[in-house]
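K.L.:
Got a structure for you, written out below as structure tokens; questions coming shortly.
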Amino acid sequence: MNPESVERAKREAAKLAVKENLRDNVIIGVGSGSTIIYVVRELAALVAKNSWNITCIPTSYQAKKLIIDEGLPLGSLDQFPVLDLAIDGADEITSDLNVIKGGGGCLVQEKIVAESAKKLIIIADWQKNSSQLGEYWVQGVPVEIIPEAHIPLVQKLEKMGGKAKLRQGLAKIGPLITDNGNFILDVDFGKISDPEKLSSQLKVLTGVVDSGLFINMVNKAYIGEKNGLVKILSKQGYKS
Numbered sequence: 004m005n006p007e008s009v010e011r012a013k014r015e016a017a018k019l020a021v022k023e024n025l026r027d028n029v030i031i032g033v034g035s036g037s038t039i040i041y042v043v044r045e046l047a048a049l050v051a052k053n054s055w056n057i058t059c060i061p062t063s064y065q066a067k068k069l070i071i072d073e074g075l076p077l078g079s080l081d082q083f084p085v086l087d088l089a090i091d092g093a094d095e096i097t098s099d100l101n102v103i104k105g106g107g108g109c110l111v112q113e114k115i116v117a118e119s120a121k122k123l124i125i126i127a128d129w130q131k132n133s134s135q136l137g138e139y140w141v142q143g144v145p146v147e148i149i150p151e152a153h154i155p156l157v158q159k160l161e162k163m164g165g166k167a168k169l170r171q172g173l174a175k176i177g178p179l180i181t182d183n184g185n186f187i188l189d190v191d192f193g194k195i196s197d198p199e200k201l202s203s204q205l206k207v208l209t210g211v212v213d214s215g216l217f218i219n220m221v222n223k224a225y226i227g228e229k230n231g232l233v234k235i236l237s238k239q240g241y242k243s
């Protein structure tokens, strides 16, 4: 796959999402990942052009640094517990707007910010758009866990039909450590026929902080296509 076409798709989706959903005097949650770089840059350009007054709430250290580097106002959920909207990326998204997130390890912070927002906008390239969760994203559902619960949870998840693998750090020996000081299990359930049920089952397991299944949370998605166009998916009844 041509990397340039993928980056163009992300960039065009980000530009349209910001153009259609951002305005003056908003509190916005800023997601994490490669697509969000384009969102923050576009947001910074519009703020500079229009002298908008906005505040950005980050979902990760990466997001925080992007916001600061672009000179955008930085806030926190302590200051602004209710956000006007949040914009984030996705590892996989279906036509019914269910999403898998957490490939970058920030799923819990991303979900906290998303649930604090009045609307959630997702941006992705065409490769992330699938007919069923688990079709494209074959690495497994990211599940953030308390480290002490690692082995018991692996056994429980296997009884549920999942194949759990402890995510390893890239530049260190040992497991990846999240911003919250936890571990991540990537759990392969194959194609997920009932993501809402699976999300609920994972959530109640002792030791699980949360999963990367974002179910019935997304209001609108912008999918950058290979040809440079952007496909828009909207929740029924949703108005920008």
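Take the sequence shown: its letters are residues 4 to 243, numbered as in the working numbering. Glycine is no exception: its CB is placed at the ideal position from the N, C-alpha and C atoms.
1) Quick check: the Cα distance between isoleucine 187 and glutamine 239, rounded to an integer number of angstroms?
2) Below 8 angstroms, can you find three or more Cβ-Cβ pairs linking the stretch 163-174 to the stretch 128-138?
3) Measure from the alpha carbon of leucine 216 to the alpha carbon of each residue in Trp140, Val43, Cys59, Val42, then state which is nearest.
4) Let's test the definition: count the other Cβ atoms within 10 Å of the Cβ of tyrosine 41 and tell me whether it reaches 16, buried, or not, exposed.
5) Decide if proline 6 is buried, meaning its Cβ has at least 16 other Cβ atoms within 10 Å, or exposed.
6) If I measure Cβ to Cβ from leucine 46 and keep anything under 7 angstroms in the same chain, skipping five residues before and after, which residues do I get?
7) Taking DSSP as the reference, what is the three-state secondary structure of lysine 229?
8) I'd like to check one pair, valine 116 with isoleucine 60: are the Cβ atoms closer than 7 angstroms?
9) Pull up the distance between the alpha-carbon of isoleucine 1 and that of leucine 69, whole angstroms please.
10) By the three-class DSSP mapping on this structure, what secondary structure does serine 54 have?
11) DSSP puts lysine 166 in a beta bridge; with which residues?
12) Rounded to whole angstroms, what is the Cα-Cα separation between isoleucine 39 and isoleucine 90?
13) Quick one: measure Cβ to Cβ for glycine 137 and serine 35, integer angstroms, because I've assumed they're closer than 8 angstroms.
P.N.:
Concretely, from the data shown:
1) 33 angstroms
2) no
3) Trp140
4) buried
5) exposed
6) Closer than 7 angstroms at the Cβ level, and outside the excluded window around leucine 46, lie Val21, Leu25, Leu75.
7) Coil.
8) yes
9) Here the chain comprises residues numbered 4 to 243, so residue 1 is not present and cannot be evaluated.
10) For serine 54, the secondary structure class from DSSP, reduced to helix, strand or coil, is coil.
11) Asp191
12) 8 angstroms
13) Rounded, the Cβ-Cβ distance is 22 angstroms, inconsistent with contact.
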